[in-house]
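Take the sequence shown: its letter number 46 is residue 249 in our numbering, and every next letter is one higher. C-beta: ideal position from N, C-alpha, C; glycine also. Remember, predicted model here, so these are calculated numbers, not experimental data. These notes concern the structure reproduced below.
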Amino acid sequence: MREHPLLAADGTRLLGWQTESAGPPVLLCPGLGTIPEAWPALLLPSSGVRVLSWYHRGTMGSDRPADPTRITLADHVSDALAVLDAAGSSGAWSWAGRSGSWWPRSWPAPTRTGCRGCCSRLACPATCSAASSGCSASPPRCASV
């Protein structure tokens, strides 16, 4: 895993992280204050996916926004898009909580799915439904978490 700086749309400096694994990109929209080690299986080179994520505004090395009102759900969604941009990814599978399940409705082009929680498995190329709490398919290379 490597950490890297990135810039949010409003100019807030964020600290992103990604794994170096081969495989399709998965945008992980973590809970507030969550560290990458919360998903040890995702950090393994054998996970079969390249995880893209960040530390939320004001936490773990990401700056607080200059405007203290810029911590809305829309700002978190915008930060997720900044993570994709910084990784040079035009699209990703999304495994997420609230912000990750909301943003594909607003910006559908860069994602393939907005899967909330997605069972107890990583939401890599699976058929997920944003309206359900689980995956309808589990690809063979998904890592259990």
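Here A283 is buried: its Cβ has 16 or more other Cβ atoms, across all protein chains shown, within 10 Å. In the structure shown, V280 falls within a helical segment according to DSSP collapsed to helix, strand and coil. Setting aside the 5 residues that flank it on each side, S256 is surrounded in the same chain by G219, W220, Q221, L230, L231, C232, P233, P239, V286, each with a C-beta closer than 8 Å to its C-beta; the list follows chain order. Less than 7 Å separates the beta-carbon of S250 from that of S224. The C-alpha of P227 lies about 5 Å from the C-alpha of V252. Sequence-distant Cβ neighbours of S281 in its own chain, meaning closer than 8 Å and more than five residues away, are A211, A212, D213.
When the Cα atoms are used, A277 and M204 turn out to be separated by approximately 27 Å.
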